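Notes follow the structure.
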Amino acid sequence: MDGRGDSGGSLITLSLMPALLRQEDFGGLEVAVDERRARRQLRQQIARLEAELAGLFGEAFGHTEVPHRVEAISAQPRVLDLGELEALRDELADRVAEARQALVERRRAEEEMQALVEQMLAAPQDFKWVRISREELGLPGCGHWHSRPRLGPIGMLMGWWRVKVSSGCPLPGRLAAVEHEAEARGEAGI
Amino acid sequence: MSADPANRMGWVPAPQQGWVAPHIASEFPGLGIAWVEVDAKPGRSPHPVRRRLRDLSDRTYGAQAIRLRERPIPWAYRVFYRQIGLDPDRTRTAIEQLTLERLEDGGFRTHGLPADALNIAIVETGVALRAFDAEAIEGRLCIRDSAPGESLAGAPAELAKGTLTIADETRPLGLLFGATGEGFAVERGTRRIAVAAVQVKGVPQIAVEEALWMAAATLEAA
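Those protein sequence lines, which keep their order, are chains A and B. For the first sequence, our numbering assigns the number 364 to the initial residue and increments by one for each residue that follows. For the second sequence, our numbering assigns the number 234 to the initial residue and increments by one for each residue that follows.
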């Protein structure tokens with residue numbers, strides 16, 4: 364359809380098309396670029412990206428570091444122009460992409476570790492002395508899985524291997540006792 | 234503004250609405266400023282205010298701090314900081330700065346009045362508040378950009394053209410989310426305090442009113 368049969372606006376628009384291709388005719392066509400509208404659009408995009416980045420930051424906290432910083436454009440508050448808003452939007456979009464990538468990589472690493480723990484549990488003798496912490500699986504707490512022989516050297520010689528699951532975080536009292544012991548040793552010059 | 238008994242919200246004065254320069258308002262719909270004035274002097278916070286700060290400390294945890302930027306009001310301020318060229322991880326929003334200090338110090342430390350009153354209201358509502366010496370303000374407060382040749386009182390350098398400021402009808406009182414000009418901050422000789430709330434898009438009017446009410450009530454009760 365060439366549009367010539369349309370009534371009203373479409374016909375006018377198409378009849379102006381050749382003129383639009385000539386830069387010098389822009390003024391005559393009274394085509395004004397509404398920068399304010401463009402700035403508003405960019406501000407909306409910035410708001411959306413900031414929300415997304417905040418969500419990724421919260422999700423990643425304690426698991427992995429995600430890039431989330433975007434440097435200030437101005438030392439003092441002011442209305443940013445179109446170019447500055449565009450640069451800010453692009454920077455935020457980059458940070459969101461990088462943060463998402465960092466989270467994907469972290470999740471992949473955690474899944475690999477999870478698979479490794481399952482393999483270790485199935486065949487501990489194939490993973491001698493391998494130790495995987497809960498942190499590596501993205502789990503809270505201080506425990507770990509450790510492939511080690513039963514009965515020490517005898518188990519090593521006999522090939523009796525097992526995965527030992529640690530009992531979690533040390534209690535504060537035990538930590539304090541270790542500190543006191545270390546202090547006492549220091550004082551005694553041991 | 235005088236404390237006209239008819240113009241009061243409960244036992245604190247009703248907030249007054251300031252204005253925003255039209256070209257700034259058209260760029261930032263939702264931007265606004267409101268303030269209340271109370272007869273109060275700076276000084277040591279009384280026991281109930283310090284107890285309130287301790288209660289707030291007990292209710293504020295690290296996990297909340299991490300998720301703070303996802304909550305609607307703190308997020309709205311972060312977005313606005315970005316939109317005016319600031320980095321909210323360097324020039325922190327009021328609520329994020331207070332939460333960070335709470336985590337670093339192990340509690341909200343008392344800084345006397347009016348700071349404690351403002352801090353309680355900021356932590357409770359998330360709204361950004363500022364205090365000025367009300368007797369130094371001429372007319373209504375507004376948010377506008379600086380005119381050529383203008384500077385903050387006491388600052389040696391001129392403000393860059395277009396810098397966003399909180400101003401009265403004659404001059405800028407301070408930067409929007411920044412330094413306060415000399416003579417406008419609450420100091421030892423202040424007898425009347427203006428508490429101003431900067432509202433940005435996404436911050437509900439009710440939250441602004443609650444923040445102003447809370448700060449004013451704390452100051453008046455002290």
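A virtual CB, placed ideally from N, CA and C, is assigned to each residue, including glycine. Quick caveat: nothing in here was measured; it's all calculated off a predicted structure.
Legend: CB atoms of the segment 376-392 of chain B lying less than 8 Å from CB atoms of chain A belong to residues Asp-378, Leu-392.
B/Asp-349 places its beta carbon 9 Å or farther from that of B/Phe-417. Comparing alpha-carbon positions, the option among B/Val-431, B/Ile-426, B/Pro-405, B/Gln-330 lying closest to B/Gly-414 turns out to be B/Pro-405. Closest by C-alpha distance to B/Glu-420, out of B/Ala-247, B/Gln-438, B/Trp-252, B/Gly-276, is B/Gly-276. Annotated as distal: B/Leu-346 and B/Ala-430, with beta-carbon spacing of 9 Å or more. In the DSSP assignment, A/Ala-450 falls within the unbroken alpha helix (DSSP H) covering 445-485. Inclusion of B/Arg-363 and B/Glu-402 in the CB contact set at 9 Å is not warranted, their separation being larger than that value. Judged by DSSP secondary structure, A/Val-493 falls outside any alpha helix (DSSP H); it is assigned neither H nor E. One finds Ile-299, Arg-300, Arg-302, Glu-303 in chain B with Cβ atoms closer than 8 Å to the Cβ of A/Gly-421, taken in chain order. For B/Ala-400, the enclosing beta strand (DSSP E) covers residues 397-400. In this model, B/Ala-327 and B/Tyr-310 are separated by some 9 Å (Cα to Cα).
Within chain A, Ala-435, Ile-436, Ser-437, Ala-438, Gln-439, Pro-440 have C-beta atoms less than 9 Å from the C-beta of B/Leu-319, given in sequence order.
Closer than 9 Å to the CB of B/Val-271 there is not a single CB belonging to chain A. Chain B has a Cβ within less than 9 Å of the Cβ of A/Ala-410.
Counted as a single uninterrupted DSSP element, the alpha helix (DSSP H) harbouring B/Glu-442 occupies residues 438-454.
A distance below 6 Å between beta-carbons, with the five flanking residues on each side excluded, links B/Trp-252 to the following residues of its chain, in chain order: Cys-375.
Residue-level contact by beta carbon fails for B/Leu-346 and chain A, as no gap is shorter than 9 Å. Judged by their CB atoms, B/Trp-308 and B/Val-428 are not nearer to each other than the 9 Å cut-off. Residue environment for B/Gly-263: exposed (fewer than 16 other C-beta atoms within 10 angstroms of its C-beta). Looking at A/Arg-463, A/Arg-497, A/Gln-439, the one whose alpha-carbon comes closest to that of A/Glu-475 is A/Arg-497. In this model, A/Glu-428 and A/Pro-503 are separated by some 16 Å (Cα to Cα).
When Cβ-Cβ separations below 9 Å define contact, B/Ser-259 makes contact with chain A. For B/Ile-355, same chain residues with a beta-carbon under 8 Å away, outside a window of 5 residues either side, are Ala-327, Ile-328, Leu-331, Ala-361, Leu-362, Ala-444 in chain order. Non-local C-beta neighbours of A/Leu-455 in its own chain, meaning closer than 7 Å and more than five positions away in sequence, comprise Ile-409, Leu-412, Glu-413, Leu-416, Val-433, ordered along the chain. Within chain A, the C-beta atoms nearer than 8 Å to that of B/Thr-324 come from Ala-435, in chain order.
Near chain A, meaning a CB-to-CB distance below 7 Å, the residues of the segment 393-419 of chain B are Ala-393, Gly-395, Thr-396, Leu-397, Leu-408, Leu-409, Phe-410, Gly-411. From the listed residues B/Gly-387, B/Lys-394, B/Glu-368, B/Glu-260, the smallest Cα separation to B/Glu-270 is found for B/Glu-368.
Taking 9 Å as the CB threshold, A/Glu-449 stays off the interface with chain B.
Think of a sphere of 8 Å around the beta carbon of A/Arg-402: the chain B residues whose beta carbon falls inside it are Glu-260, in chain order. Contact of A/Gly-418 with chain B is assigned, a C-beta pair being separated by under 9 Å. Fully enclosed beta strand (DSSP E) runs of no fewer than 3 residues occupy 361-366, 375-378 of the segment 337-379 of chain B, in order along the chain. CA-CA distance, A/Pro-440 to B/Val-436, rounds to 19 Å. Under a criterion of Cβ atoms nearer than 8 Å, the residues of chain B adjacent to A/Leu-443 are, in order, Gln-316, Ile-317, Gly-318.
By alpha-carbon distance to B/Arg-302, the top candidate from A/Leu-534, A/Pro-430, A/Val-526, A/Gly-421 is A/Gly-421. By the rule that beta-carbons nearer than 9 Å mark a contact, A/Leu-466 does not touch chain B. B/Leu-286 and B/Phe-341 have their C-alpha atoms roughly 6 Å apart.
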